[in-house]
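Comments concern the structure below.
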Amino acid sequence: MNTYMLLLHDSINLGEQQNGNEVSAEDMQAIIGDYVGWRSKVEANGRLVGGEKLGDEGGRHIRMTDGEIRVTDGPFAEVKEALGGYFAIKAADYDEAVEISKGCPHLKYGGWIELREVDETH
Amino acid sequence: MNVKPNPSVNELVDHLFRHNAGQMVSVLTRIFGFENIDVIEDAIQEAMIKALNHWPFKGIPKNPTAWLIQVAKNRVLDQFRRNKRVDPGGGETLEKLDRLSGKLIEDKFRYPREMKEDLLCMMFATCDPALKPDSQIALTLKTVGGFSVSEIAAAFLSKNEATAKMLTRAKKTLKEKKMSLEIPPPDELEPRLNAVMKVLYLMFNEGYSASSGAEVVRTDICFEAIRLAQILSDHPVTRSPKVEALLALFFFQGARLGARNSQTRDVLLLADQQRELWDKKMINVGLYHFRRSAVGVEVTDYHLEAEIASCHILANDFDSTDWDRMLQCYDLLLNRRFSPVVAINRIIVISKVKGAEAALNELKNVEKTGLLESYLPYHIACAQLEFETGALEKAAESYRRAIQLATNRPTLRFLERKLEALLQNQEQ
Chain A
128 MNTYMLLLHD SINLGEQQNG NEVSAEDMQA IIGDYVGWRS KVEANGRLVG GEKLGDEGGR
188 HIRMTDGEIR VTDGPFAEVK EALGGYFAIK AADYDEAVEI SKGCPHLKYG GWIELREVDE
248 TH
Chain B
27 MNVKPNPSVN ELVDHLFRHN AGQMVSVLTR IFGFENIDVI EDAIQEAMIK ALNHWPFKGI
87 PKNPTAWLIQ VAKNRVLDQF RRNKRVDPGG GETLEKLDRL SGKLIEDKFR YPREMKEDLL
147 CMMFATCDPA LKPDSQIALT LKTVGGFSVS EIAAAFLSKN EATAKMLTRA KKTLKEKKMS
207 LEIPPPDELE PRLNAVMKVL YLMFNEGYSA SSGAEVVRTD ICFEAIRLAQ ILSDHPVTRS
267 PKVEALLALF FFQGARLGAR NSQTRDVLLL ADQQRELWDK KMINVGLYHF RRSAVGVEVT
327 DYHLEAEIAS CHILANDFDS TDWDRMLQCY DLLLNRRFSP VVAINRIIVI SKVKGAEAAL
387 NELKNVEKTG LLESYLPYHI ACAQLEFETG ALEKAAESYR RAIQLATNRP TLRFLERKLE
447 ALLQNQEQ
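Protein chains in written order, with the working numbering: chain A, 128 to 249; chain B, 27 to 454.
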């Protein structure tokens with residue numbers, strides 16, 4: 128069993144107003160229901176390792192340029208391009224990891240997933 | 027690999043966000059005052075959005091209400107800090123207010139009844155007699171029930187902007203009263219409780235009558251009225267036989283919700299409803315409340331209406347309904363106050379007890395008041411009774427008049443089908 132990272136790109140801020148209408152509590156319930164459903168299925172199959180949301184602001188980029196460390200603020204023109212968070216899962220191979228990722232509601236809510244295997248070879 | 031799933035993550039309580047929204051507005055408004063309700067509502071919306079963006083990764087916290095209310099409380103205090111003009115709670119320093127409100131919220135989780143009492147106090151506020159009935163219902167749905175503006179607008183066939191304006195005006199009225207959120211003192215309790223019950227009754231009917239609006243929201247509104255009536259029934263100060271009668275009525279009516287629309291979503295007459303579709307569990311809960319309502323000397327409209335509903339519920343089929351007992355209830359109801367709904371329903375019962383001819387005569391008597399000419403059910407009742415007495419021409423005329431008055435598609439379809447069948451019948 129290998130470990131895979133689901134890097135969630137292009138996150139929209141769930142629950143933001145749409146067409147000036149406040150998102151209703153029931154809509155929020157439906158969205159969270161999608162995520163809870165997926166998450167608990169993965170967890171019940173013993174495949175979930177963990178997950179974290181990353182901060183909404185762009186973060187810092189730290190680089191060495193001409194022997195000098197330079198720190199720049201949020202690298203992206205739009206916050207939504209930032210990495211929104213990640214899940215770590217266990218899967219037999221890429222095929223299975225892709226299958227699990229396909230169910231992730233992040234796709235339904237406008238984002239895309241970068242799937243990477245954790246290299247555990249010694 | 028043997029990882030046990032965390033059960034708290036798997037279970038998503040029905041209406042978790044909606045009910046928590048209502049609960050949080052009530053708790054925080056009771057702490058920070060009604061004058062700050064706009065700040066509080068914004069803070070709650072923000073807290074829920076935060077939950078939406080965090081819970082997917084970590085799962086739902088063990089105590090979601092505590093999580094949400096903590097975030098919302100902090101947002102309110104942030105807003106107070108940013109906006110120094112707001113003077114929360116008579117000159118307390120914000121640090122003190124932070125500690126105090128934190129302590130109050132902690133206590134509420136220790137004594138869950140306090141939470142319910144906050145909802146109850148909010149209900150007394152949103153059903154304040156200073157507001158018009160429409161505003162009372164809308165504000166109660168929004169503030170206590172956690173319904174969104176667009177959901178309320180959909181249920182009332184109103185525009186979002188108009189509904190939002192109505193809510194703003196209603197809140198302004200209450201802010202100007204500088205009211206504190208309390209259960210009314212004993213000498214004011216009865217009329218105020220009656221006002222709350224009236225709002226819940228109208229709310230239920232709004233959801234129940236299939237006249238308009240999105241079906242899902244309307245069913246939710248019925249269940250919201252039930253949930254709020256249960257809060258009245260749970261609290262020692264408001265618990266009373268009339269509240270039990272109201273609950274009995276709600277459960278008897280609610281039991282028929284599923285059977286009301288046939289697959290073609292047409293209006294189904296009670297006589298044609300499949301009784302096996304009635305919700306047995308709701309009927310039993312209704313009977314429980316009905317028994318508890320039969321205490322004391324006061325007979326309210328709710329008692330009579332619950333008893334009428336029980337006649338339908340307890341009959342094995344339409345024909346074996348206890349029409350005599352129903353007629354007695356309708357007579358008592360009509361003696362209390364004239365209502366076109368009651369008048370027409372009474373006529374239908376008369377037709378069962380004394381025949382169509384007698385009912386038709388009675389109906390024409392009632393019509394002399396001139397109050398029923400533009401009332402759709404009057405013409406439907408006319409048509410049905412005229413048909414039964416063999417006056418087919420007149421029946422067709424009544425159906426045509428009814429079709430003119432019909433405002434929604436299912437009713438219109440139902441009436442057109444009736445008319446068509448009648449005309450075919452005539453030709454043969």
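Note that CB positions come from ideal geometry on N, CA and C, so glycine has one too.
On a predicted model such as this, the values are computed, not experimentally measured, just so you know.
Cβ-Cβ distance between A:VAL176 and A:ALA209 below 8 angstroms: no
Whether B:PHE83 touches A:GLY212 by CB criterion (8 angstroms): yes
Three-state class that DSSP yields for B:LYS197 in the structure shown: helix
A:LYS180 - DSSP class collapsed to helix/strand/coil: strand
CB contact below 8 angstroms: B:ARG205 versus chain A: One point to set straight first is that residue 205 of chain B is Met, not Arg, in the sequence displayed. No, no contact with chain A.
Contact residues within the region 70–87 of chain B, judged by C-beta distance below 8 angstroms to chain A: GLN71, MET74, ILE75, ALA77, LEU78, ASN79, HIS80, TRP81, PRO82, PHE83, LYS84, GLY85, ILE86
Where B:MET27 sits in the DSSP three-state scheme: Low confidence applies here, because B:MET27 scores a pLDDT of 39, under 50, leaving its location unreliable and the question unanswered by this model.
Bounding residues of the beta strand (DSSP E) (the contiguous stretch that carries A:ALA218): 212–218
Distance between B:HIS329 and B:LEU353 (C-alpha atoms, nearest Å): 14 angstroms
The ligand NAD heavy atom lying under 7 angstroms from the CB of B:ARG139: In the structure on display, the ligand NAD does not appear, and there are no ligands present to speak of.
CB-CB length for B:LYS276 against B:ALA251, believed under 8 angstroms: The sequence given here has Phe at residue 276 of chain B, not Lys. Contact flag correct, Cβ pair sits at about 6 angstroms.
Three-state secondary structure assigned by DSSP to A:LEU134: strand
First through last residue of the beta strand (DSSP E) which encompasses A:MET191: 187–192
For A:ARG197, three-class secondary structure by DSSP: strand
Beta-ladder partner(s) of A:ARG243, from DSSP: A:MET132
Neighbour flag for B:GLY172 against chain A, beta carbons, 8 angstroms: yes
Three-state class that DSSP yields for B:LEU157 in the structure shown: coil
Below-8 angstroms beta-carbon distance, A:GLY194 vs any chain B residue: no
Chain-ordered neighbours of A:TYR162 on chain B, where CB pairs are closer than 8 angstroms: TRP81, PRO82
C-beta neighbour in chain A for B:ALA47, strict 8 angstroms: yes
Closer than 7 angstroms at the beta carbon, the chain B residues around A:ILE216: Per Cβ cutoff of 7 angstroms: no residues; A:ILE216 is ~11 angstroms from chain B at best.
Proximity to B:MET149 [Cα-Cα], best of B:GLU132, B:PHE135, B:LEU167: B:LEU167
Chain-ordered neighbours of B:GLU177 on chain A, where CB pairs are closer than 8 angstroms: SER151, GLU153
Reference B:ILE309, options B:GLU333, B:ILE257, B:VAL325, B:ASP327, closest by Cα: B:GLU333
A:LEU175, DSSP secondary structure in three states: strand
Contact belief for A:LYS219 with B:ALA47 at Cβ below 8 angstroms, rounded distance in angstroms: According to the sequence as given, residue 219 of chain A is Ala; it is not Lys. Not really, about 43 angstroms apart at Cβ, beyond 8 angstroms.
Beta carbon proximity, A:LEU141 to chain B, threshold 8 angstroms: yes
Segment contact flag, the region 161–169 of chain A with the region 98–113 of chain B, C-beta cutoff 8 angstroms, min 3 pairs: no
8 angstroms Cβ cutoff, B:ARG44 in contact with chain A: yes
Spatial distance of B:SER288 from B:ARG439 (CA atoms): In this predicted model, B:SER288 has a pLDDT of only 49, less than 50, meaning its place in the structure is not dependable; the value taken from the coordinates is given anyway. Roughly 13 angstroms separates the two Cα atoms.
Buried/exposed call for B:ARG125, threshold 16 Cβ in 10 Å: exposed
Below-8 angstroms beta-carbon distance, A:ARG243 vs any chain B residue: no
Alpha-carbon to alpha-carbon, B:LYS394 and B:ARG291: Summary for B:ARG291: the model assigns pLDDT 48, below 50, so the residue's position carries little reliability; its value from the coordinates is reported in the next sentence. Approximately 35 angstroms between the Cα atoms of the pair.
B:TRP304 in three-state terms, based on DSSP: coil
Cβ shell of B:ASP260 (< 7 angstroms), same chain only, five flanking positions each side left out: LYS142
Neighbouring residues, chain B, relative to A:GLY212 (Cβ below 7 angstroms): PHE83
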